[in-house]
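Novice:
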Amino acid sequence: MRAPLEVFARMLAAAWRRRYLIVVPIMVMPVLGFISGLIAPKRFEARTTLLVQEPAKLNPFLNDLAVATNVKDRMPALGALLHSQHVLDKVLLDTKQVDENTPAYKREDMVAQLSNAITVKLTGSDLIEIRISDRKPQGLLKTLEAVTSRFIERLVSPEQGAITASQSFLEIQLDQRRKALDKAERDYSNFKVRNADKLPAIYAANVTRLGSLQQKMQEKEMDLATAQAGFDDIRSRIAGANPVIGRLEEEIVKLTSELTALRSRYTDEHSQVQALDRRLKRTQAERKSLLEASSALKDLDLDRLWNIAANLANGDESKPQTTLLMSQLQRLQDAQAKRVTLEKDVEELRRMIADLQRTIGTFAPIEQEQQHLERSIVAAREMYDSLLKRNEMASVTGALGRFEAPERIKMIDPPSEPNAPVGPGLILFILGGLVGGIVIGAGLAVVSEIADQRLRAEEDFVQETGIPLLGRIPTLQRQMIAL
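Counting from 1, one number per residue, gives the positions in the sequence shown under my numbering.
In structure tokens form, the structure reads like this:
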């Protein structure tokens, strides 16, 4: 194994042998670096720094009314949007680098160049740095101002756009919900008008009234039964006081007296006795048939009785039988009038009870419909109140955003015209050339030494031949060789 000192010595010997390969690049490359620094294109850069503050930091007391910017989460999307053709095309229009008549291919080329020149970087959580570079310093300030303006617009546009869209949506919904609430209230009012006597509010009153009418009908039915019984009694009495029957009875009494007188003088086989007896039996049979028919006395018979009683009264008003008949007929007429009145009252009560029962019977569906309408009104009113509150909150949020806008985005470093180019200077080019020359020279020397197959050290001869080295002939000068 070779000693480190021997290895170092061999490396120095190799470097000396390849000294021209090492020195020439070291001398040439700095010169080339200097020349490259002189002829290299210069780039100018303009930059600006924005401070974007979250609403919670500006005013913690109104944090619930503000919309968060979320710059850190949105930064990748904002960077991609800033490099998009949609935004950069507007920047070129703002700076008047293109117009409506500019060809599309030229506009796309300028958009691509501008996109490559723009750099956006987020520092921390609220500092944004925007840079734009170009070979010419002219116009960079105006372009950077346009880019910054468009970037700020895109930064705050989701917030303002969301608030504006929310307000528009809420106003449309409020109008629709107001119409729905008015319709529900109008339907409920029409329902109350249609069912004024059937509403659940008067259900208890209807039930109480039904009970009162039923009790009153029972009383009227009892009165009607009493009046009917009195009428039947008076009618039966009048039937018994029939003047025809009275006359027949008088005739029977008269015939009986005459028959008794004839029997006192004659026998039963006498023709006068037999004739009078047959007459008496016939009169008694007529009286019996009249008594049997008296139970079926009708109004027509009563009218005839009135006529008979009137004739009897005109003929002889002093008879007690005629006076009794007149009074009984008067009582019968009063009883009949009372009975008819009670029948009408009972019929009217039955009709009223039937109407109330139908009204009470329809209470369940009416109550169900009323509850449905009331729920519709409550739901429509709650939805309207909720949307109204949200609309007011959106209005306050929008006003707060406009109020805080000047403070939320501050320009720490405003855009300025670049005065000096950016990039490496001449010293860096020279140093780069020097380092490059050293690397190239060393590389060439190493490659050349490796490619050289000549044997120079004793160890190399022994290693290649495998036999020991006995001696070494030194280098002879040409003069000595000539001798």
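Here a beta-carbon is modelled for each residue, glycine too, at the ideal position from N, C-alpha and C.
Output the distance between the C-alpha atoms of Y188 and R339, rounded to the nearest integer angstrom.
Specialist: By 1-based counting over the sequence shown, the position of residue 188 is 188. By 1-based counting over the sequence shown, the position of residue 339 is 339. Y188 and R339: Cα-Cα distance of roughly 48 Å.
Novice: Could you give the first and the last residue of the continuous beta strand (DSSP E) run that contains E129?
Specialist: Along the sequence shown, read from residue 1 onward, the residue named residue 129 stands at position 129. Taken as a continuous stretch (DSSP letters only), the beta strand (DSSP E) holding E129 covers 127-134.
Novice: What number of angstroms, rounded off, separates the C-alpha of T256 from the C-alpha of E286?
Specialist: Reading the sequence shown from its first residue, position 256 is the one you call residue 256. Reading the sequence shown from its first residue, position 286 is the one you call residue 286. Straight-line measurement puts the Cα of E286 at about 15 Å from the Cα of T256.
Novice: Quick check: the Cα distance between S327 and T341, rounded to an integer number of angstroms?
Specialist: The residue you call residue 327 lines up with position 327 of the sequence shown. The residue you call residue 341 lines up with position 341 of the sequence shown. Looking at the two C-alpha atoms, the distance is approximately 21 Å.
Novice: To the nearest angstrom, how far is the alpha carbon of L114 from that of V87?
Specialist: For the purposes of this step, residue 114 is taken as the residue at position 114 of the sequence shown. For the purposes of this step, residue 87 is taken as the residue at position 87 of the sequence shown. The straight-line gap from Cα to Cα measures roughly 11 Å.
Novice: Run the proximity test for D233: is its beta-carbon closer than 8 Å to any non-hydrogen atom belonging to the ligand SAM?
Specialist: With respect to small molecules bound, the structure shown includes none, and the ligand SAM cannot be examined in it.
Novice: For the putative contact between Q173 and L356, defined by C-beta atoms under 8 Å, what is the C-beta separation to the nearest angstrom?
Specialist: If you number the sequence shown from 1, residue 173 lands on position 173. If you number the sequence shown from 1, residue 356 lands on position 356. Contact flag wrong, Cβ pair sits at about 46 Å.
Novice: Leaving out five residues on either side along the sequence, give the residues of the same chain with a beta carbon under 6 Å from the beta carbon of I22.
Specialist: Mapped onto the sequence shown, residue 22 falls at position 22. So the qualifying residues of the chain are G441, A445.
Novice: Beta-carbon separation of G437 and V111 under 9 Å?
Specialist: Locating residue 437 in the sequence shown gives position 437, counting from the first residue. Locating residue 111 in the sequence shown gives position 111, counting from the first residue. Their beta carbons are not under 9 Å apart, which means G437 does not touch V111 by this criterion.
Novice: Looking at C-alpha atoms only, which residue of R135, M411, E392, S448 is the closest neighbour of S168?
Specialist: By one-based count along the sequence shown, residue 168 stands at place 168. Cα-wise, what sits closest to S168 is E392.
Novice: Measure the CB-CB distance between A485 and L127 and report whether it falls below 9 Å.
Specialist: Residue 485 falls outside the range modelled here, since the chain spans only 1 to 483, and no answer is possible.
Novice: If I follow the unbroken beta strand (DSSP E) through E45, where does it start and stop?
Specialist: By 1-based counting over the sequence shown, the position of residue 45 is 45. According to the DSSP assignment, E45 belongs to the beta strand (DSSP E) that extends over 44-52.
Novice: Could you check if Y384 is buried or exposed, using at least 16 other CB atoms within 10 Å of its CB as the buried criterion?
Specialist: Locating residue 384 in the sequence shown gives position 384, where the first residue counts as 1. When all chains shown are included, Y384 counts as buried.
Novice: Flag this pair as yes or no: are the beta carbons of K72 and S125 separated by less than 9 Å?
Specialist: If you number the sequence shown from 1, residue 72 lands on position 72. If you number the sequence shown from 1, residue 125 lands on position 125. It is a contact, given that the beta carbons lie within the stated cut-off.
Novice: By Cβ distance, which residues of its chain are closer than 7 Å to L349, with the 5 residues on each side in sequence left out?
Specialist: Locating residue 349 in the sequence shown gives position 349, counting from the first residue. So the qualifying residues of the chain are L213, K216, M217, K220.
Novice: Among the candidates A104, L78, L181, whose CA atom is the shortest distance from the CA of I118?
Specialist: One-based indexing of the sequence shown puts residue 118 at position 118. Measuring from the Cα of I118, the nearest candidate turns out to be L78.
Novice: As a quick exercise: from D277, L93, G230, R186, pick the residue whose alpha carbon is nearest that of A337.
Specialist: Here residue 337 corresponds to residue number 337 of the sequence shown, with the count starting at 1. Ranking the options by Cα distance to A337, first place goes to G230.
Novice: Can you tell me the Cα-Cα spacing of I132 and L140, whole angstroms?
Specialist: By one-based count along the sequence shown, residue 132 stands at place 132. By one-based count along the sequence shown, residue 140 stands at place 140. Rounded to whole angstroms, I132 to L140 spans 7 Å at the Cα level.
Novice: Between P25 and the rest of its own chain, which residues show a CB-CB distance below 6 Å, the 5 nearest in sequence each way excluded?
Specialist: Walking along the sequence shown from the start, residue 25 turns up at place 25. G437, I440, G441.
Novice: With distances taken Cα to Cα, identify the nearest neighbour of F34 among K344, V435, I152.
Specialist: Within the sequence shown, residue 34 is the residue found at index 34, counting from 1. The candidate whose alpha carbon is nearest that of F34 is V435.
Novice: Residues in the same chain with beta-carbon distance under 8 Å from A14, minus the five sequence neighbours each way, listed in chain order, please.
Specialist: For the purposes of this step, residue 14 is identified with residue 14 of the sequence shown, where counting begins at 1. So the list reads A445, E449, once near-sequence residues are dropped.
Novice: From which residue to which residue does the alpha helix (DSSP H) around K494 run?
Specialist: This structure gives no information on residue 494, because the portion of the chain shown stretches from 1 to 483.
Novice: The alpha helix (DSSP H) that contains D413, what's its start and end?
Specialist: Your numbering for residue 413 matches position 413 in the sequence shown. Under the DSSP assignment, D413 falls outside any alpha helix (DSSP H), being part of the beta strand (DSSP E) whose first and last residues are 409-413.
Novice: What are the boundary residues of the alpha helix (DSSP H) that includes V24?
Specialist: One-based indexing of the sequence shown puts residue 24 at position 24. It spans 19-39 - the alpha helix (DSSP H) in which V24 sits, taken as one unbroken run.
Novice: From E374 to A165, what distance separates their C-alpha atoms?
Specialist: Taking the first residue of the sequence shown as position 1, residue 374 is located at position 374. Taking the first residue of the sequence shown as position 1, residue 165 is located at position 165. Rounded to the nearest angstrom, the two C-alpha atoms are 33 Å apart.
Novice: What residue from K344, T95, M75, E6 has the CA that sits closest to I152's CA?
Specialist: Taking the sequence shown and counting its residues from 1, one reaches residue 152 at position 152. Per the Cα distances, M75.
Novice: Nearest CA to the CA of Q138: which residue from T102, M11, S416?
Specialist: Taking the first residue of the sequence shown as position 1, residue 138 is located at position 138. Here the closest residue by C-alpha is S416.
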